[in-house]
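First the structure, in the form of structure tokens, and then the observations on it.
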Amino acid sequence: MKKPVLWGLGILIVLAIVGFTAGPWIYRECIAGEADAELTLPGQTEAATTDVNGTWTVVPGPDDDAKRTQAGYRVDEILRGSPLTVNGRTPKVTGEAVVAAEKLESATFTVDVASITSPESARDNQFRGEDILDTGKFPTAELRVTQPVDVAAVPETGAPVTLDVPVSLTVKGVARDVTAKVNVQRAGDTIVAAGSVPVTWTDFKVTPPDFAGFVTVEPTGTIEFLVNLAKQ
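Going by the UniProt record's numbering, 2 is the number at position 2 of the sequence shown; the sequence numbering is gapless.
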């Protein structure tokens, strides 16, 4: 009777060791998956067909996951000592921008953070919870331009230009003045803007989660966005 018991204990020990060592690989390869590529301009080279001045409204954009309007987060996790980048996104972005005399006079964009999803539903549920973004109480985030920005350098040819844009970012009801690095492109009758804002989560009363030491989230991350705008 002792041998079967010893064999059973041995098998349990082996399974425990395999689970401990292979767990991070399984999580990374089968659950978390690879992060999406960073949001960038679609690379179109069509020349602009309308004047830059006017009121521009966010539209869904092309029926292409890499080109449609969307926003979300990108963050690094530490998985048992190994780095892992994850991200979540939503296409639910609204807003408008006003350009006059080739200056961006105002712009406000609202993101439905409650609809942000990633490849892992457990992460999404944690993300929406009271301890992190508390989307039941704060379902949206906002990005608002705080100073006029000269856009005369954005050419009609469709070539992209990078602008440093002063904005107020509101997450979980907390507003912070930051600088967004935005790539802008005029193409046809649209304007496309892709950008990112580095953030420290605790600045917005967000505590980076720690899943029992198995997965820890870095204290900084990135808010990223891609918006297609059409003239009203």
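In this text, a Cβ means the ideal position worked out from N, Cα and C, and glycines have one as well.
Contacting residues, own chain, Cβ-Cβ under 6 Å from residue i (five flanking each side not counted)
i: Thr220; result: Thr200
i: Ala180; result: Val165, Val167, Gly195 and Val197
i: Ala48; result: Glu156 and Arg186
Simplified DSSP state of residue i, which is helix, strand or coil
i: Tyr27; result: Interpretation of Tyr27 is limited by its pLDDT of 47, a score under 50 that renders its predicted location unreliable; the figure taken from the coordinates is listed afterwards. In the structure shown, Tyr27 sits in a helix (DSSP, three-state: H, G or I).
i: residue 233; result: Because the chain in this structure spans residues 1 to 232, residue 233 falls outside the shown range and cannot be described.
i: Asp124; result: helix
i: Ala187; result: strand
i: Ser82; result: strand
i: Ala22; result: With a pLDDT of 43 at Ala22, under the threshold of 50, the predicted position of this residue should be treated as unreliable, though the coordinate-derived value follows. Reduced to three states, the DSSP call for Ala22 is helix.
i: Val14; result: With a pLDDT of 45 at Val14, under the threshold of 50, the modelled position of that residue is not reliable, and the figure given next carries that caveat. Reduced to three states, the DSSP call for Val14 is helix.
i: Ala230; result: strand
i: Val154; result: coil
i: Ala114; result: helix
i: Asp134; result: coil
8 Å contact criterion, which residue i and residue j should meet: CB distance rounded
i: Glu224; j: Leu84; result: So it is not a contact: roughly 17 Å between Cβ atoms.
i: Thr170; j: Glu142; result: 4 Å
i: Leu41; j: Asn183; result: 5 Å
i: Lys103; j: Val151; result: 7 Å
i: Arg74; j: Thr222; result: 4 Å
i: Gly61; j: Val99; result: Actually they are not in contact, since the Cβ atoms of Gly61 and Val99 sit about 19 Å apart, beyond 8 Å.
i: Val149; j: Val93; result: Actually they are not in contact, since the Cβ atoms of Val149 and Val93 sit about 19 Å apart, beyond 8 Å.
Closest Cα partner of residue i within the set the options
i: Thr108; options: Glu96, Thr117 and Pro160; result: Glu96
i: Asp210; options: Arg89, Asp131, Thr55 and Glu46; result: Asp131
i: Arg176; options: Ala159, Phe204 and Gly158; result: Phe204
i: Ala101; options: Thr162, Ala153, Gln185 and Pro160; result: Ala153
i: Pro155; options: Asp124, Gly188, Gly54 and Val174; result: Gly188
i: Thr202; options: Pro119, Ile191 and Val217; result: Val217
i: Thr140; options: Asp36, Pro160, Trp56 and Gly72; result: Gly72
i: Thr90; options: Asp124, Gln147, Pro160 and Ala159; result: Asp124
i: Thr207; options: Phe138, Ala66 and Phe127; result: Phe127
i: Ile191; options: Ser121, Glu120 and Gly43; result: Gly43
Residue i - partner residues in DSSP beta bridges
i: Leu104; result: Val99 and Val149
i: Thr220; result: Thr200
i: Lys181; result: Asp164 and Ser196
i: Gly72; result: Arg89 and Glu224
i: Leu39; result: Bridge partners of Leu39: none, in fact.
i: Asp64; result: In the DSSP output, where bridge partners are listed per residue, Asp64 has none listed.
Neighbourhood of residue i by C-beta distance below 8 Å, restricted to the same chain and skipping five residues each side
i: Val174; result: Asp203, Phe204 and Lys205
Cβ-based neighbour list, residue i, same chain, cut-off 7 Å, excluding 5 preceding and 5 following
i: Asp112; result: Thr90, Lys92, Pro139 and Thr140
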